[in-house]
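Protein chains in written order, with the numbering used here: chain P, 688 to 1034; chain U, 688 to 1034.
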DNA sequence: CGCATTTCAGTTAGCGCTAACACTACGTCG
DNA sequence: CGACGTAGTGTTAGCGCTAACTGAAATGCG
């Protein structure tokens, strides 16, 4: 299915041309030494205003663009950060990536990404290696995963590296949203509605976020001296939530369910609808993430919001500190916020 | 909220060390010239097996990693591609990004991203410029936007550039999913269910995909000699779909609605539920995108699936062709696939 | 055996840039 | 008025690598 180029809408031909202009070319045109041009371009060292003007005019005219490779070669700094991202459309990781990219660009860094399909020890190692070959100055690993944490334990010591959303015991600075506290808040919210207990649809066991959310839920129940029902485990997908919902729908005394993320909550809602279980009339349901759709689920979903822009910003900040040689601490938490909607609304 | 480093779980200190080993260091250790090492590393030129062994051992021992900057400086090739991505969690663009990254990495390219908040002419220009400063060899613009198309019209001619999902009349090769055909298929599907017409909740007017989907819907109705209802316009968000749903719920003769994406369809479903309009009993609803959640909407949503991995792969292919100096044609289409679920199910 | 070719290795130059230093012109100040 | 800073500019070296050439030894072959 290819419409070939037609006159009038023809694809422009790429012209490599002779060569990009260099400092020397600009210098020649402006009648100065290449060093003066360098000083103007980098605003390093004093230059007479009229000389600067001449140089700038030549830069403009020739369309001069500094050669990053040459600059990186001599300075040893590439101006690029690497991000190891999980290849998924999960709301959290994707949002974090944009948060990081924004913060980095504001500070003049470029961002190279390397996505990882399955977050195993080797694949993350490969990703890090691949980024190092791109001469990144520092690396951020989006690693909400247990194996990722292990991979980080083997992380190279000779490049600044920080992790976001995981790596509990990894020997690198880690930033994450306070999953434990978020889960605690949801559970408290559900209990405050008068329920005797809260069921939990957990995320995959090998995700740290899933573990923390589960722990928050469990310890809150225990703190109230309540019975802790067996968890139903899903894989973050709506499908697994749906299956969990079918398993739960029949349970006696099922009044409140906390799903470890919104997607599974969606599947849960669907299964309950099919089973004739009404939300919120018969059962209260809450999720985690506050995806943009959550407010329009049927019914709108009570959930926990995470500020991923902030997460990205602060993660970048950690890396910056690390690159400057600072310590950056070990573990940083960003608070989560409970968002109450109809799925836990009045009966 | 910072737990400071404690003994036993302390953050490793970053050691810049003296210097990364260079070709010369490896050469010294292996007792050969740096050129021989270069030949071994790049597998260019013949080297005696035992010499190669010695070199490889030295490479291993020193942890030698080629300096990309130096290599790029001398070869003029950076091995990096740039992707201009829309900063959004919209399913399509995010998936496309991963598709591209995958394909690029398989071919040995690194990927630098530059996200754009509002796809205006200047911001895309800035993004392209920012990537060029990172010395990318080619650029892919994920530009499902009308203004993006205009920005591409002003794209620089001296760097290979292709677009995905938009840029209708742009002077660059463009690849996109066949939105028109997808919309046509949905509409035909709804008409085949016996409806006298199909209503449409459109996407933002300045998105090309929205335009194509609307055109596919409109021309299908016209082709059948049917009345074309006024479109209700949304902004892709569930909220706007919800509002559209409230506006539509009262309409007389409302039997079938085609929403330009799944998120809006979700809002639509929610609004219908609140208004007591049953889907599929009273009204049939279809969406576009097939987000992972769509199968678990309430009811599961009939929609149009797009293969974004394929889109990424083929887009990268276009860029490769362009970088090789080829023409790459003007406009390429990837077919879309109708997925029928309960929201247009039997009554 | 003589000469051409191939194999394997080394030498040299230079990519475009910045760091470091050198030089000039002009104050400033004791 | 000479010593000394400072502004403004130039010169030089070298970052680590590959392209291109050079050279020596081994090989082919009529």
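Glycine residues also receive a C-beta, built at the ideal position from the N, C-alpha and C atoms. Every value quoted in this text rests on a predicted model; they were computed, and no experiment measured them.
Taking residue i as part of the alpha helix (DSSP H), name the residues at either end of that continuous run.
i, result
"residue 793/P", "778-793"
"residue 837/P", "833-840"
"residue 749/U", "736-749"
"residue 721/P", "721-729"
"residue 932/U", "925-936"
"residue 1018/P", "Residue 1018/P -> not in any alpha helix (DSSP H); beta strand (DSSP E) instead, spanning 1018-1021."
"residue 901/U", "895-910"
"residue 990/U", "Here residue 990/U belongs to no alpha helix (DSSP H); instead the beta strand (DSSP E) covers 990-992."
Within 10 angstroms of its Cβ, does residue i collect 16 or more other Cβ (buried), or is it exposed?
i, result
"residue 788/P", "buried"
"residue 722/P", "exposed"
"residue 980/U", "buried"
"residue 1030/P", "buried"
"residue 957/U", "buried"
"residue 998/P", "buried"
"residue 795/U", "exposed"
"residue 774/P", "buried"
"residue 870/P", "buried"
"residue 932/U", "buried"
"residue 966/U", "buried"
"residue 841/P", "exposed"
"residue 720/U", "exposed"
"residue 963/U", "exposed"
Report yes if the C-beta distance between residue i and residue j is below 8 Å; otherwise report no.
i, j, result
"residue 771/U", "residue 815/U", "yes"
"residue 798/P", "residue 777/P", "no"
"residue 918/U", "residue 934/U", "no"
"residue 995/P", "residue 782/P", "yes"
"residue 970/P", "residue 943/P", "yes"
"residue 765/U", "residue 759/U", "yes"
"residue 860/U", "residue 1020/U", "no"
"residue 960/U", "residue 973/U", "no"
"residue 711/U", "residue 742/U", "no"
"residue 890/U", "residue 923/U", "yes"
"residue 1027/P", "residue 992/P", "no"
"residue 755/U", "residue 821/P", "yes"
"residue 875/U", "residue 887/U", "no"
"residue 929/P", "residue 925/U", "no"
Rounded to whole angstroms, what's the CA-CA distance from residue i to residue j? Just pull it up for me.
i, j, result
"residue 709/P", "residue 751/P", "7 Å"
"residue 877/P", "residue 954/P", "20 Å"
"residue 691/U", "residue 828/U", "For residue 691/U, the predicted structure reports a pLDDT of 39, less than 50, and the residue's modelled location is therefore unreliable. A value from the coordinates is still provided. Taking the straight line from one Cα to the other gives about 43 Å."
"residue 898/U", "residue 914/P", "55 Å"
"residue 731/U", "residue 724/U", "10 Å"
"residue 700/P", "residue 800/U", "Residue placement at residue 700/P is flagged as unreliable, the pLDDT there being 45, under the threshold of 50; a coordinate-derived value is accordingly withheld."
"residue 1024/P", "residue 852/P", "16 Å"
"residue 946/P", "residue 784/U", "29 Å"
"residue 905/U", "residue 892/U", "15 Å"
"residue 843/U", "residue 843/P", "40 Å"
"residue 727/U", "residue 748/U", "15 Å"
"residue 1001/P", "residue 909/U", "54 Å"
"residue 849/P", "residue 863/U", "37 Å"
"residue 927/P", "residue 903/U", "35 Å"
"residue 896/U", "residue 950/P", "26 Å"
"residue 786/U", "residue 912/P", "49 Å"
"residue 975/P", "residue 987/P", "13 Å"
"residue 826/U", "residue 1033/U", "47 Å"
"residue 696/P", "residue 836/U", "Summary for residue 696/P: the model assigns pLDDT 36, below 50, so the residue's position carries little reliability; its value from the coordinates is reported in the next sentence. Cα to Cα, the separation comes out at about 13 Å."
"residue 744/P", "residue 790/P", "32 Å"
"residue 812/U", "residue 838/U", "7 Å"
"residue 761/P", "residue 779/P", "38 Å"
What span of residues does the beta strand (DSSP E) with residue i cover, start to end?
i, result
"residue 846/P", "First-last for residue 846/P: undefined, no H or E at that position."
"residue 943/U", "943-946"
"residue 889/U", "886-889"
"residue 863/P", "861-864"
"residue 773/U", "767-773"
"residue 757/P", "Note, residue 757/P: premise wrong, no beta strand (DSSP E); alpha helix (DSSP H) at 755-762."
Next on the checklist: By the 9 Å beta-carbon criterion, what residues does the stretch 921-933 of chain U contribute toward chain P?
Outcome noted: Within the stretch 921-933 of chain U, the qualifying residues are 924, 925, 926, 928, 929.
Item to check | Contact residues within the stretch 948-969 of chain U, judged by C-beta distance below 8 Å to chain P | outcome: Of all residues in the stretch 948-969 of chain U, 950, 953, 954, 956, 957, 960 have a Cβ within less than 8 Å of some Cβ in chain P.
Checklist entry - In chain order, what residues of the stretch 773-805 of chain U put their CB closer than 9 Å to some CB of chain P? => result Going along the stretch 773-805 of chain U in chain order, one finds 774, 775, 776, 778, 781, 782, 784, 785, 788, 789, 792, 797, 798, 799, 800, 801, 802, 804 with a Cβ nearer than 9 Å to chain P.
Item to check | Residues within the stretch 972-1001 of chain U neighbouring chain P, beta-carbon criterion of under 9 Å | outcome: From the stretch 972-1001 of chain U, only 978, 979, 980, 981, 982, 983, 984, 985, 986, 987 have a Cβ closer than 9 Å to chain P.
Next on the checklist: Using a Cβ-Cβ cutoff of 7 Å, what residues of the stretch 757-769 of chain P are near chain U? List them in chain order.
Outcome noted: Answer in chain order: 757, 759, 760, 765, 767.
Checklist entry - Quick one, which residues of the stretch 891-906 of chain U are near chain P if we go by CB-CB under 9 Å, in chain order? => result Of all residues in the stretch 891-906 of chain U, none has a C-beta nearer than 9 Å to a C-beta of chain P.
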